[in-house]
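Add 2 to the 1-based position in the sequence shown for my numbering, that's all there is to it. Glycine residues also receive a C-beta, built at the ideal position from the N, C-alpha and C atoms. Just below is one structure, and these are the notes that go with it.
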Amino acid sequence: MKRYGRALRHRNYRLFFAGQGTSLIGTWLTRFAMGYETYELSHSAWQLGLVGFFGLAPTAIVVPFAGVLVDRWNRQRTLLVTQVLAMLQSAALALFALTGLMTVWHLIVLAAVQAVINAFDTPSRQAFVRQMVDDRADLPNAIALNSALVNAARVLGPLVAAVLVDLVGVGCCFAVDAASYLAVIASLL
């Protein structure tokens, strides 16, 4: 079992792994809650599809350019900026939801904003893994653990979100996501 977590021997990677895991689950809370809120507000499959489209399409368009830029920038600083911006985006969603001011247009715009942030965050995060693992022999393990973390969050986040939506509403999901970014920001600092 020890060999499966070899990369966790590296302190920086271990801190980032814990912070990123918390933040990724929060991200999936928001994705679930955005879809739920869209349908609750509109009862329209079309509008639900629009929010989904604007939550992904900008990433596909921007990421090739963002990847080139990220290779030239300090990855730690870039990740700090993307995480702070993502936290603010989730806080805006929480504010709109908790005050009852949320509209489908807010969801579309804020989904697109998150997609652009993700276009810079994803290549930065993937390249940053290499910087946190001192022993190159542990790098494949770090990449595998990172991939497993992303997929585990994809499963756990919506499950937790469904419980939170049922118990306290979508605004809480957005607020928890905003707070979850503090974990990864702290790990980056």
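- Our two residues, residue 42 and residue 92, have alpha carbons roughly 19 Å apart in a direct line.
- Pairing residue 61 with residue 120 gives a Cβ-Cβ distance under 7 Å.
- Linking residue 135 to residue 151 through their CA atoms gives a straight-line distance of about 16 Å.
- Around residue 23, the same chain offers 151 and 155 as residues with beta carbons nearer than 7 Å, after the five sequence neighbours per side are excluded.
- Here residue 148 is buried, its C-beta having at least 16 other C-beta atoms within 10 Å.
- Under the three-state reduction of DSSP output, residue 104 falls in the coil class, being neither helix nor strand.
- Rounded to the nearest whole angstrom, the C-alpha separation of residue 171 and residue 34 is 12 Å.
- Looking at the backbone, the Cα of residue 160 and that of residue 29 are separated by about 9 Å.
- With contact defined as three or more Cβ pairs closer than 8 Å, the region 130-146 and the region 95-112 are not in contact.
- A straight line joining the alpha-carbon of residue 5 with that of residue 145 spans about 14 Å.
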